[in-house]
Amino acid sequence: MASALNSTELVLRNGSGCITDATPSSDDYLDSENTYNSFQTALRTSFIVVNCLMVIIGNIFSLTVIRFVDSPRFPPSSKAFLCNVIVWDLAYGGISVLYVPPAALNYWPYGHFLCEATGIVMMSINVCCVNAAILITVDRLLAVLYPLRHPILISTKRALVIIGMAVLFALSASTAIYANSGDVAYSNDAVLCNVIWSCVSPANLFRLIVSNGCLLFLPVVVLIGCYTKLYLVARKHAKRLAKLRNNASAFSGGTVPNSRALRMCLLITVTFCIAWTPYSVVSTLNYVTKEVSHPLVEFITSWVCLCNSWWDVIIYFFMAQEFRKTARKLLCRRRL
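In our numbering, the protein residues as written are -10 to 325.
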């Protein structure tokens, strides 16, 4: 063992890309010595397949329906932001299909170049998905605060420019995360291609700050801030209506009659935190403790992020009455 340590740099890598001084290097992961039994392999593969199908089918259906939605609640600029959410969620599901064969085979069969490309592209798509959620949230806030001026403030052209700037920001953030990084290799524990980071390297600390800031902390602050403002505005409007109807006693319990906005607020914030908090926490703990998490923890925290891409379909669209009516019309038209 001592001679092996002298001849070869031994590293330990997990799904968060952190390495220490303990186990075989990333090349050994390409040979997949860390394989799983048939039952475990079937479960992991089925989980990825089901999630990919949910994301792809759900978002293709949403993209089809949103084109026919005709409602003042969904002006062209809002449709642009909604389509931005759908497209990036769909891209996330599409590139995730590449991981189905590796999950079933317990090794990466496509070659090292595609592993590097897939890891970088997937990181960029992650940031784009998060940015899309922020943009649609801010757009909804402006629509409530300035209902008459919203079409002028956020025209379709401005919406497209904002989306383009958000994509450039995502690419810049991804480039910053991967700058001065090590090699990209496949992790059979997480079933992902990740950059190999040294836990003691300042570059890994920079990566943690940028990724956690872009993928968790900044979005959560924006989501909570925007939807808190939405709730307060809705409550204020409801109180005014109650006074006009001489029904102020309806607020003696401190409740708001129309709680649909509040439910959507809670769902979006909670599901986003469920999707992204575990990965950020595990990545940070791995850096602080210099230890690797259990393979099951690595797999779940890495892939639960994908679930948010089909949760979005339910939250953003199926909770909207206009979307449901349009979907029923399209389905009935096809039956006829």
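Beta carbons are placed, not taken as given, at the ideal position from N, Cα and C, and that holds for glycine. This structure is a prediction, so every number in the text was calculated from the model and none was measured.
(message) Let me check you understand the geometry: is the CB of Y167 closer than 8 Å to at least one non-hydrogen atom of the ligand ATP?
(response) In the structure shown, the ligand ATP is absent, as is every other ligand, since no ligand is present at all.
(request) Can you tell me which of I55, S85, P61 puts its alpha carbon nearest to the alpha carbon of L71? (result) Looking at I55, S85, P61, the one whose alpha-carbon comes closest to that of L71 is I55.
(message) Here's a check: name, in chain order, each residue in its chain whose Cβ is nearer than 7 Å to the Cβ of P65, leaving out the five neighbours to either side.
(response) Cβ neighbours of P65 beyond the five flanking positions: T145.
(request) With a cut-off of 8 Å on the beta carbons, I'd call H209 and T126 a contact; round off their distance for me. (result) According to the sequence as given, residue 209 is Val; it is not His. With a Cβ gap of about 11 Å, V209 and T126 do not count as contacting.
(request) For the alpha helix (DSSP H) containing L181, list its first residue and its last residue. (result) Taken as a continuous stretch (DSSP letters only), L181 belongs to no alpha helix (DSSP H), being part of the beta strand (DSSP E) at 181 to 184.
(request) Quick one: grab the DSSP three-state call for A309. (result) Correct three-state label for A309: coil.
(message) Taking its Cβ as the centre, do 16 or more other Cβ atoms sit within 10 Å of C362, making it buried, or is it exposed?
(response) It is not possible to answer for residue 362, since the shown part of the chain is limited to -10 through 325.
(request) Let me know the secondary structure DSSP gives Y99 once reduced to three states. (result) Residue state, collapsed to three classes: coil.
(message) Using the Cβ count rule (16 or more neighbours within 10 Å means buried), how would you classify L134?
(response) A residue is called buried when at least 16 other Cβ atoms come within 10 angstroms of its Cβ; L134 does not meet this threshold and is exposed.
(message) Can you tell me which residues form a DSSP beta bridge with A174?
(response) Under DSSP, the beta-bridge partners assigned to A174 are N183.
(request) Pull up the distance between the alpha-carbon of T315 and that of S51, whole angstroms please. (result) So the alpha carbons of these two residues sit roughly 11 Å apart.
(request) Assuming D178 and F63 form a contact by the criterion Cβ under 8 Å, report the distance between their Cβ atoms to the nearest whole angstrom. (result) Contact check for D178 and F63: beta-carbon distance about 42 Å, past the 8 Å limit, so the pair fails to qualify.
(message) Tell me the DSSP secondary structure of F261 in three-state form.
(response) Three-state DSSP puts F261 in a helix.
(request) From the DSSP output, in three-state form, read off Y25 for me. (result) In the three-state reduction of the DSSP assignment, Y25 falls in the coil class, being assigned neither a helical nor a strand state.
(request) Compare the beta carbon distance of N48 and W265 with 9 Å and say whether it is the shorter of the two. (result) No.
(request) Give the straight-line distance between the Cα atoms of K318 and D301, rounded to the nearest whole angstrom. (result) Answer to the nearest angstrom: the Cα atoms are 22 Å apart.
(request) For I109, collect the residues of the same chain with a Cβ closer than 7 Å to its Cβ; drop the 5 residues on either side in sequence, then sort them by chain order. (result) So the qualifying residues of the chain are S163, Y167.
(message) Let's test the definition: count the other Cβ atoms within 10 Å of the Cβ of A69 and tell me whether it reaches 16, buried, or not, exposed.
(response) The residue in question, A69, is buried, as its Cβ has 16 or more Cβ neighbours within 10 Å.
(request) Take S113 as the anchor and find which of K225, L204, F307 has the nearest alpha-carbon. (result) When only C-alpha atoms are compared, the closest one is L204.
(request) Might you give, ordered along the chain, the residues of its own chain that have their beta carbon closer than 6 Å to the beta carbon of Y305, omitting 5 neighbours on each side? (result) The beta carbon of Y305 sits closer than 6 Å to none of the beta carbons in its chain outside the five residues before and after it.
(message) Does L221 pass the burial test, meaning 16 or more other C-beta atoms within 10 Å, or should it be called exposed?
(response) Burial call: exposed.
(request) For the alpha helix (DSSP H) containing Y135, list its first residue and its last residue. (result) Where Y135 is concerned, there is no enclosing alpha helix (DSSP H), given that its DSSP letter is neither H nor E.
(request) Kindly indicate which three-state DSSP category V281 falls into: helix, strand or coil? (result) Correct three-state label for V281: coil.
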